[in-house]
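Colleague: Residue numbers (the working numbering), protein chains in the order written: chain A, 1 to 303; chain B, 304 to 555. Ideal Cβ placement from N, Cα and C applies to all residues, glycine included. The structure's right below; bear with me while I get my questions together.
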Amino acid sequence: MTEFAIETSDLRKTYSDGNEALRGLTLQVPTGSIFGFLGKNGAGKTTTIKVLLGMTHPTSGDVRVLGLPAAQQSASVSIRRRTGFVSEEKDLYDSMTVEEITRFTAGFFPRWRADLEVRYLRAFDLPVARRVKKLSRGMRTKLALLLALCRGADLLVLDEPMSGLDPAVNEEVLQALVRHVADEGATVFFSSHQLADIDQIADHVAVVDRGRTVVAGPLDDIRASYRRLQIVFDRDAPAATLRSPGVIRTKREGRVLTVFASGGAEAIAAEARALNAASVDVMPLTLKEIFLETVNASAEVEN
Amino acid sequence: MVWYKSWLDTRWRFLIGFVILAVLACGIVVSYNVSASLLPELSKRPVDTSTTAGRLLGEVIRLEQTYRGFVWVQWFRQNLLQTGTLFAVLLGSGSILSSGKSGLFTLSLPASRGEWMTARAATGLGEFFVLATVPSLAIPALSPMIGQHYSIVDLVAHGVCFFIAAAVFYSLAFLLSTIFNDTWRPLAIATGIACVVGLAEGLLGLKGVFHVMSGYDYFASGSFPWAGLLSSAVLSAALLGGAALNVARKDF
């Protein structure tokens, strides 16, 4: 088993209309992790997933999934044989019944888990004789998840799986996913812009913006290193730039200087005190704040 | 499963085509006596062969003097040619791999694009071969009921000519379906091209793909239009190859 279920290096994709969807994306998804892949709409999440599964050809760069080169057609088939996938649209075959699409999908996967199929059909309360087009959005998501989970896959790739779900179904699906990973030990690559979901289940995250990775690592390490420093002066905050490493963004409002840092909070606080700050408060950041600040900082650098 | 999916995608078009062509083939036999009773009257009328319409009418009257000629004019040159071509285009339209609805689910399954395309192309061609040959069997089967006989050898020969030449339009629709994501544009464009080619051949007296489809050479002289059949097969292969290349390079 490889150390990383997914590895990309300087991955680039420019579509024929000139749209640069990926601009040097580098990712390492540890085997066995639940990896949250965060980004705004249009950040490159879906393109990344399509490249991983051989649906879109990369323009350049390396991409390996389960140790295989995803850009090669034959390897891509092997990757898909070991991967469960749920797309944002849950675009299943409308004319088939739940039973028919389950049998159809099972036919492609030698390691299909009939025991899990029975379990999830019951747990999700899916009506086997109903046509897919007659299913509610929540039911459709559960069916798509069942079809992904029962493949006996080493890797689950989920592209915005919770979009459009009500909170009750959202929670049910998340719990099923966590339980499945705990029991079966697959790697989960989970793209979303719903930070609460990622916060709840992921142990590793990457934030992608404009086709590049702006933050990546174990979620606990990221939470531990990212800090907001609120520095208050007796006079207007000085215009001087803080030079300590780790500063990703500063905001000046009257006497208050707010600094967002990816690490080195103590050194930044010391530098602020040297500027005669009246007070320096160091506060942890939520995942949402980390996401927003890194994406905004990336946009400022870009502009 | 890849083949099963191809069958699911095309079965209704195939079955509807089969029923329509079978009914039309039966109608050919049933209508022969009526047509034959009108021929003596029509033969007496003067026909202006200087116009295209007059030339065509004169040809029909001449050819329909025999049952074999009647079947060729009404079935192989008209009903099968027109309706069969329409179903060739219908069967070729609509890619199994599209970026539209359910395309990503299909692409997430462990089968290569080549496998999907091969299965879809072969299934459609197989179904079209059945449409080109099997409904026509109603003609030799029912002919004894009206005191006539039609050779199965003739039927197979015409069916093969029709299948090979009309496969060009199947392949054209197949190629167009890898360019457009919907079913309707490939269908409309391929049908439009078939109509233009058919009209041009009919009005200008050209010997093109419809001439080969009708099997006129076999009807008139018993020889196969080898050059036309070979050209059609090569053109179809090129169109299908283009479709495969298009899908292999495509980003979904």
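#1: Mind listing the chain A neighbours of residue 438 of chain B? Cutoff is C-beta to C-beta under 7 Å, in chain order.
#2: Quick check: is the beta carbon of residue 548 of chain B nearer than 8 Å to any beta carbon in chain A?
#3: Is there a C-beta anywhere in chain B that falls below 8 Å from the one on residue 120 of chain A?
#4: To the nearest angstrom, report how far apart residue 101 of chain A and residue 395 of chain B are at their CA atoms.
#5: What number of angstroms, rounded off, separates the C-alpha of residue 43 of chain A from the C-alpha of residue 213 of chain A?
#6: Do residue 87 of chain A and residue 400 of chain B come within 8 Å of each other at the CB atom, strictly closer than that value?
#7: Determine the closest residue to residue 443 of chain B out of B:531, B:501, B:431 and B:458, with distance taken between C-alpha atoms.
#8: I need the boundaries of the alpha helix (DSSP H) containing residue 437 of chain B, first residue and last residue.
#9: Using CA coordinates, which residue listed in A:131, A:107, A:69 and A:76 is at the minimum distance from residue 316 of chain A?
#10: Let's test the definition: count the other Cβ atoms within 10 Å of the Cβ of residue 502 of chain B and tell me whether it reaches 16, buried, or not, exposed.
#11: Rounded to whole angstroms, what is the Cα-Cα separation between residue 437 of chain B and residue 318 of chain B?
#12: Hey, is residue 77 of chain A's beta-carbon within less than 8 Å of any beta-carbon in chain B?
#13: Could you compute how far the alpha carbon of residue 193 of chain A sits from the alpha carbon of residue 39 of chain A?
#14: Of all Cβ atoms in chain A, is any one closer than 8 Å to the Cβ of residue 420 of chain B?
#15: To the nearest angstrom, how far is it from the Cα of residue 159 of chain A to the Cα of residue 85 of chain A?
#16: What's the call for residue 434 of chain B, buried or exposed, on a 16-neighbour Cβ count within 10 Å?
#17: Taking 7 Å as the cut-off, is the beta-carbon of residue 268 of chain A closer than that to any non-hydrogen atom of the ligand FAD?
#18: I'd like the span of the beta strand (DSSP E) that includes residue 398 of chain B, first residue to last.
#19: Given residue 120 of chain A, which residues of its chain have a CB within under 6 Å of its CB, disregarding the five upstream and five downstream residues?
#20: CB-CB under 6 Å to residue 161 of chain A, same chain, minus the five flanking residues each way: which ones, in chain order?
#21: Going by the DSSP bridge assignment, what does residue 283 of chain A pair with across the sheet?
#22: Roughly how many angstroms separate the alpha carbons of residue 276 of chain A and residue 233 of chain A, rounded to a whole number?
#23: Let me confirm a value: residue 343 of chain B is counted as buried when at least 16 other C-beta atoms fall within 10 Å, else exposed. Which label applies?
#24: Quickly, what does DSSP pair residue 34 of chain A with across the bridge? List them, please.
#25: Using a C-beta to C-beta distance shorter than 7 Å, which residues of chain B count as neighbours of residue 56 of chain A?
#26: Please state if the CB of residue 190 of chain A and the CB of residue 6 of chain A are separated by a distance shorter than 8 Å.
#27: For the region 105 to 118 of chain A, list every residue whose C-beta sits within 8 Å of some C-beta in chain B, in sequence order.
Modeller: The short version:
#1: Within chain A, no residue comes near residue 438 of chain B; the closest Cβ sits about 26 Å away, beyond 7 Å.
#2: no
#3: no
#4: 24 Å
#5: 10 Å
#6: no
#7: B:458
#8: Careful: residue 437 of chain B lies outside any alpha helix (DSSP H) and carries neither H nor E.
#9: The structure shown does not extend to residue 316 of chain A, since chain A is modelled only from 1 to 303, so the question has no answer here.
#10: exposed
#11: 12 Å
#12: yes
#13: 6 Å
#14: no
#15: 8 Å
#16: buried
#17: Absence of the ligand FAD from the depicted structure is noted, as is the absence of any ligand whatsoever, leaving it without description.
#18: Taken as a continuous stretch (DSSP letters only), residue 398 of chain B belongs to no beta strand (DSSP E), as it is neither H nor E.
#19: 146
#20: 86
#21: A:228
#22: 7 Å
#23: exposed
#24: A:188
#25: 554 and 555
#26: no
#27: 105, 107, 108 and 109
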